[in-house]
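Chains as they are written, first to last, in my numbering: chain A, -15 to 574; chain B, 22 to 492.
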Amino acid sequence: MPTITINGVACEFTPGQMILQVANAHGVEIPFYCYHDGLSIAANCRICLGEAWAPNPRNDNKLEPFMGGKLVPTCQTQAQDGMVVHTDSPKAVANQKAVMEYLLINHPLDCPVCDQAGECLLQDYSYQYGRGVSRFEETKVKNPKKNLGPNVYLYSDRCIMCTRCVRFTREVSGTAELYVDGRGNREEIDVFPGVALDNEIAANVIDLCPVGALLDKDFLFAQRVWFLKRTASIDGITASGDNLWVEHNEGKVYRIKPRTNLEINKHWITDEVRYGWKHVHSDDRLRSPRRRQYGALVEDDWNRCLDKAAEGLAEAAEAGKRIALLVSPMLPCEEAFALAEFALSLDPHAVLGVGPVPFEGQDKVFPPGASEDDARAFKLYAEKAPNARGVRRVLAALTGAEPLEFAKWTARAQADDAGAVIITANYREACPIPDLLRVADRESGRFVVVIDTLNGPLVESADVVLPGATWVEKGGTFENARGTLQAFDAAIPPIEFAKPEGQIASDLEAALRGVEVSATSASSVVVVDEGPGQVPQAAEIATPRGPTFSPADTRTRMGDTHAALAMFKTDVRYPEAAKPEEADMRMVEL
Amino acid sequence: MPKKTYDATPEHVLCRRIPTPPFGRFEDRRIISYDDYTADSGYEALRKSIGMKPGDVTEEVRKSVLRGRGGAGFPCGVKWGFLPPIPEGKAPGEPGAERYLAVNADESEPGTFKDRLLMDFDPHLLLEGIAICCYACRLSKAYIFIRGEYHHQAKVLENALREAYDNGIFGEKGLIAGDANTGGDRFRVDCYVHRGAGAYICGEETGLLEALEGKRGWPRLKPPFPAVQGLFGKPTIINNVETLCHLPSILSNGADWFCGQGVESSIGGPPSFGTKLMGVSGHVERPGVYEFELGIPLRTIVEEHCGGMRGDKKFKGAIPGGISMGILGTDQYDAELDFDIGRKHNVLGLGTACPTVFDEDTDMVAVARNISRFFKHESCGQCTPCREGSGWLYQLMTRIEEGGAKTKDLDLALEVATSMGSMPGTTICGLADGNNWAIRTIINKFRDEFEARVARTFVPVKVSVGAMAKG
Chain A
-15 MPTITINGVA CEFTPGQMIL QVANAHGVEI PFYCYHDGLS IAANCRICLG
35 EAWAPNPRND NKLEPFMGGK LVPTCQTQAQ DGMVVHTDSP KAVANQKAVM
85 EYLLINHPLD CPVCDQAGEC LLQDYSYQYG RGVSRFEETK VKNPKKNLGP
135 NVYLYSDRCI MCTRCVRFTR EVSGTAELYV DGRGNREEID VFPGVALDNE
185 IAANVIDLCP VGALLDKDFL FAQRVWFLKR TASIDGITAS GDNLWVEHNE
235 GKVYRIKPRT NLEINKHWIT DEVRYGWKHV HSDDRLRSPR RRQYGALVED
285 DWNRCLDKAA EGLAEAAEAG KRIALLVSPM LPCEEAFALA EFALSLDPHA
335 VLGVGPVPFE GQDKVFPPGA SEDDARAFKL YAEKAPNARG VRRVLAALTG
385 AEPLEFAKWT ARAQADDAGA VIITANYREA CPIPDLLRVA DRESGRFVVV
435 IDTLNGPLVE SADVVLPGAT WVEKGGTFEN ARGTLQAFDA AIPPIEFAKP
485 EGQIASDLEA ALRGVEVSAT SASSVVVVDE GPGQVPQAAE IATPRGPTFS
535 PADTRTRMGD THAALAMFKT DVRYPEAAKP EEADMRMVEL
Chain B
22 MPKKTYDATP EHVLCRRIPT PPFGRFEDRR IISYDDYTAD SGYEALRKSI
72 GMKPGDVTEE VRKSVLRGRG GAGFPCGVKW GFLPPIPEGK APGEPGAERY
122 LAVNADESEP GTFKDRLLMD FDPHLLLEGI AICCYACRLS KAYIFIRGEY
172 HHQAKVLENA LREAYDNGIF GEKGLIAGDA NTGGDRFRVD CYVHRGAGAY
222 ICGEETGLLE ALEGKRGWPR LKPPFPAVQG LFGKPTIINN VETLCHLPSI
272 LSNGADWFCG QGVESSIGGP PSFGTKLMGV SGHVERPGVY EFELGIPLRT
322 IVEEHCGGMR GDKKFKGAIP GGISMGILGT DQYDAELDFD IGRKHNVLGL
372 GTACPTVFDE DTDMVAVARN ISRFFKHESC GQCTPCREGS GWLYQLMTRI
422 EEGGAKTKDL DLALEVATSM GSMPGTTICG LADGNNWAIR TIINKFRDEF
472 EARVARTFVP VKVSVGAMAK G
């Protein structure tokens, strides 16, 4: 394999790779602003310039200055076998210092009020490559702030004109809303009059921006980024299986960012996914279990509600009636397994069905006209449920037959022999489907347990309501539209008294067995340490009654007990272990 | 026998039909129509070329060592040699074998107006050059990219182009297309006039290609070079107007005739053959475009042809050919204008060879400020050093001119200019290098004038009071 030496490190590469790409792959740091793996090469920031020597075949392969000894842009120069590149030579360092100084002369240096501070390449590189003082005594160019579209603000005074955002709208979204206006140091990124930056993946420009020029309206002034912790997760609201980071602090999600996975979502996510976590902290979230008392729903503690649910379900089972379970496609495979296992233990002929799979609009491939298998294509899915395939797979394995789709399930659940119904929903919006409301109808005499996350008409008609958890509050596995199984972890603890559905299944099972809970552990207070600089948060966490539900253990058990689910032991993809972050300042013990 | 000196009054080649001193008066210049042009052996060189093999035409040009007249002085024949061969079994212009000629008529360098003369009065000379180039390099389409401010010249060119089409130079029934009997190397050639929108950077060859494609005129990354992947991703030759206008005479008279004009390099570099249009401007009695052999000293041009310095003032300095080339100092009045000038007189190069002459009353600080204003205004804003550095330099120069600066600002200006790019620079195109050369040479060659405008920077020296008291 050909080898190139960058800053003294020998790196193997595949022909065609640029020097910067090779360096990135081998962990050799070269500063860059305008280069991005998912975009074309512009080579206009000029900070990645390095000195290069290449062997000359006409001179006995002696190393000779490449391109006449001028500094070459490493992002745009292909690596050659035997090449030696230095970005730490005096000449290259002088250029880095000069470029840093140039970038900052018209930059407002308003880091204290800038959202990007803490994850800003200007800050990082200024610290590593820049000079400590500014020699610029003239007047700065002051460019205006602009409202580009529904999700994005442009602070053009902070812009360094790397044109990543412009290239994104031209090459990836194919919508070309952004362009460069003006010339020289007065030029700005802008949108055409009357054409807002408004497409389904527009907010990716915020992540692309290496500085604080393009900012998220939703995240604006919401949180300092150094307080955020991030958890690798999977798209929990559409069938894409997009990889993402859930960024949170003190048990609250602040934003969602894409996590690079070249096979699935490349470097991008849709705006729908990015802002699709709002229901997690919605005022309409169910925060406490409820049970029906004298015809009205009242909030009560978990134990009494679990007892009530177990009682109603057992009554129906003893009467020889069917238990019907509707598993929502919003639930991960492990929870579908736990719930279905519980229903089958009550009634071996339980009616298992897959909840309604919402669709919205049509599948869309970016850039428009690209084939889905194109290396650069990014797909938006109309299917707005993350795990319809996984739920079907689990139910099919447990019953040995194709699971009932929603329409057939509603018919079976409304039949006379159905004595109790367990409905899980967990959708982004309260589920108003009339068929479902008919199944849960109070007049029918069926015992209805609803496990949901949001208040709504479905909840109103239940006998027992148990608050479930959204995907950021629990772990599990989703199977996306392309059949890829991807595991994810809980980012935040469940809010207030909510519990993951898997835990609810375990607790219901315990309640059926008559496991008693000691009074002291009815609920407990756990102090969650949120790290340096943060006030420790006291989280009230509903205590489990049954064995603690663990997605990972359930996955193993699924694979062990059912041959049809063996893929859960072998084929599940886990997020890559995060690279240990190198502290740029040594911690000093005081 | 190498030629070492220039001919004082050479036979006019480019200005053969355009009255130019000493053979004619500026006032007698008029547009040469197709009929006038053909009456004076016009398009004969094209007919002669078509009778030759395309490779022989290229070889003749290569032998003549015709160096590009746009500024860089790159040998034209060598540039043509970079073109990849046409795919087997295809004629130029067929799908898959498109190749283009982009004629650089975006003459935007301040003080440069030589191409304008050719387009003003002798447009058919350019068209003949284009046709010869297209035939020799197997190019099927030629685009004349003319700067937006040249309204009149664009009209003249368009009229001439219509005449050329009507008289069977270009197009389906054109001279190069031939007819059914000729066969062989014949193919259809088309020519278009494309008007720019008035940006200096579109005169940079790859910026010109971007502008031709209808995009923002941001210079492209090289490699790939335009000869391999140029306009619309196809092989493209980019030549200056004056370079192309030399082709007809080279083809009719032969390369040896061309090498008989101009001078060999006196420092062992490549030679500077042929005549050159020189547009003299500034503080001279009779500014205008003249045609001289390369190698003529600046003093001869000013004193003998332009009527001397205006008002008999003394010579102070001159920009040899466009401000991005730097400046000649007071002691460099005798500089020979040929392609060696860069190495001999500490400027970037000959450039367009259109000297702007300054007399003793000129304020060089104001000149520097004005130059930096131009570059700040025309920087395309693609690369960081040029975008930010040119603005910074202008502000520094303004402050120095206004008297609010210190010596350290002078040094800072020099450092900024140098770090922006000093050939080989750090930017995609050469605009930053031009800015650097202009400012650097002007400060270095007229430093006393700058120092007189700035206050001294006093470096505070730490004084130990205790020691003083003791002593």
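Where a beta carbon is used, it is the ideal one built from N, C-alpha and C, also for glycine.
The model shown is predicted, which means the values in this text are computed figures rather than measured ones.
Proximity test, Cβ basis, 9 Å: residue i and chain B
{"i": "residue 507 of chain A", "result": "Only weak support exists for where residue 507 of chain A lies, its pLDDT of 49 falling under 50; the coordinates are left without a value."}
{"i": "residue 123 of chain A", "result": "yes"}
{"i": "residue 60 of chain A", "result": "yes"}
{"i": "residue 168 of chain A", "result": "yes"}
{"i": "residue 119 of chain A", "result": "yes"}
{"i": "residue 144 of chain A", "result": "yes"}
{"i": "residue 74 of chain A", "result": "no"}
{"i": "residue 258 of chain A", "result": "no"}
{"i": "residue 25 of chain A", "result": "yes"}
{"i": "residue 30 of chain A", "result": "yes"}
{"i": "residue 14 of chain A", "result": "no"}
{"i": "residue 3 of chain A", "result": "no"}
{"i": "residue 164 of chain A", "result": "yes"}
{"i": "residue 33 of chain A", "result": "yes"}
{"i": "residue 249 of chain A", "result": "no"}
Residue from the options with nearest C-alpha to residue i
{"i": "residue 449 of chain B", "options": "B:175, B:45 and B:222", "result": "B:222"}
{"i": "residue 14 of chain B", "options": "B:73, B:207 and B:413", "result": "Since the first and last residues shown for chain B are 22 and 492, residue 14 of chain B lies out of range."}
{"i": "residue 28 of chain A", "options": "A:94, A:148 and A:41", "result": "A:148"}
{"i": "residue 77 of chain B", "options": "B:241, B:293, B:113 and B:157", "result": "B:157"}
{"i": "residue 15 of chain A", "options": "A:34, A:-3, A:-1 and A:302", "result": "A:34"}
{"i": "residue 341 of chain B", "options": "B:320, B:329 and B:165", "result": "B:320"}
{"i": "residue 465 of chain A", "options": "A:372, A:116, A:46 and A:212", "result": "A:372"}
{"i": "residue 455 of chain B", "options": "B:315, B:363 and B:384", "result": "B:363"}
{"i": "residue 136 of chain A", "options": "A:529, A:91, A:190 and A:290", "result": "A:190"}
{"i": "residue 254 of chain A", "options": "A:12, A:468 and A:350", "result": "A:350"}
{"i": "residue 467 of chain A", "options": "A:226, A:348 and A:440", "result": "A:226"}
Within-9 Å CB hit, residue i to chain A
{"i": "residue 35 of chain B", "result": "no"}
{"i": "residue 478 of chain B", "result": "no"}
{"i": "residue 413 of chain B", "result": "yes"}
{"i": "residue 440 of chain B", "result": "yes"}
{"i": "residue 250 of chain B", "result": "no"}
Distance between beta carbons of residue j and residue i, contact taken as under 8 Å
{"i": "residue 584 of chain A", "j": "residue 360 of chain A", "result": "Any answer about residue 584 of chain A is impossible in this case: the structure gives chain A only from -15 up to 574."}
{"i": "residue 433 of chain B", "j": "residue 471 of chain B", "result": "Wrong, their Cβ atoms sit about 12 Å apart, outside the cutoff."}
{"i": "residue 481 of chain A", "j": "residue 272 of chain A", "result": "5 Å"}
{"i": "residue 206 of chain A", "j": "residue 163 of chain A", "result": "Their Cβ separation, rounded to whole angstroms, is 29 Å, which puts residue 206 of chain A and residue 163 of chain A out of contact at 8 Å."}
{"i": "residue 276 of chain B", "j": "residue 85 of chain B", "result": "4 Å"}
{"i": "residue 126 of chain B", "j": "residue 165 of chain B", "result": "5 Å"}
{"i": "residue 600 of chain A", "j": "residue 0 of chain A", "result": "It is not possible to answer for residue 600 of chain A, since the shown part of chain A is limited to -15 through 574."}
{"i": "residue 59 of chain A", "j": "residue 4 of chain A", "result": "4 Å"}
Burial state of residue i (16 or more Cβ within 10 Å)
{"i": "residue 358 of chain B", "result": "buried"}
{"i": "residue 183 of chain B", "result": "exposed"}
{"i": "residue 44 of chain A", "result": "exposed"}
{"i": "residue 115 of chain A", "result": "exposed"}
{"i": "residue 103 of chain B", "result": "exposed"}
{"i": "residue 452 of chain B", "result": "buried"}
query = Using 8 Å as the threshold, is the segment 428 to 437 of chain A in touch with the segment 446 to 453 of chain A, meaning 3 or more CB pairs across them?
reply = Yes, the segment 428 to 437 of chain A touches the segment 446 to 453 of chain A.
query = Counting pairs of beta carbons, one from the segment 126 to 133 of chain A and one from the segment 205 to 222 of chain A, are three or more of them closer than 8 Å?
reply = Output reads no: the segment 205 to 222 of chain A does not touch the segment 126 to 133 of chain A.
key: Three-pair Cβ contact test at 8 Å for the segment 183 to 195 of chain A versus the segment 319 to 333 of chain A   = Counting Cβ pairs under 8 Å, fewer than three are found: no touch.
query = Is the segment 96 to 116 of chain B in contact with the segment 222 to 240 of chain B, if contact means three or more CB pairs nearer than 8 Å?
reply = No, the segment 96 to 116 of chain B does not touch the segment 222 to 240 of chain B.
ask   = Counting pairs of beta carbons, one from the segment 365 to 381 of chain B and one from the segment 90 to 99 of chain B, are three or more of them closer than 8 Å?
value = Judged by Cβ distances under 8 Å, the segment 365 to 381 of chain B makes contact with the segment 90 to 99 of chain B, as three or more pairs qualify.
Contact the segment 455 to 465 of chain A vs the segment 473 to 487 of chain A: 3+ CB pairs below 8 Å = Contact holds: three or more Cβ-Cβ distances are below 8 Å.
query = At a cut of 8 Å, does the segment 392 to 405 of chain A reach the segment 299 to 313 of chain A through at least three beta carbon pairs?
reply = Touching, per the Cβ criterion.
ask   = Looking at C-beta atoms only, is the number of pairs between the segment 144 to 162 of chain B and the segment 60 to 68 of chain B that lie closer than 8 Å three or more?
value = With a cut-off of 8 Å on Cβ pairs, the segment 144 to 162 of chain B is in contact with the segment 60 to 68 of chain B, counting three or more such pairs.
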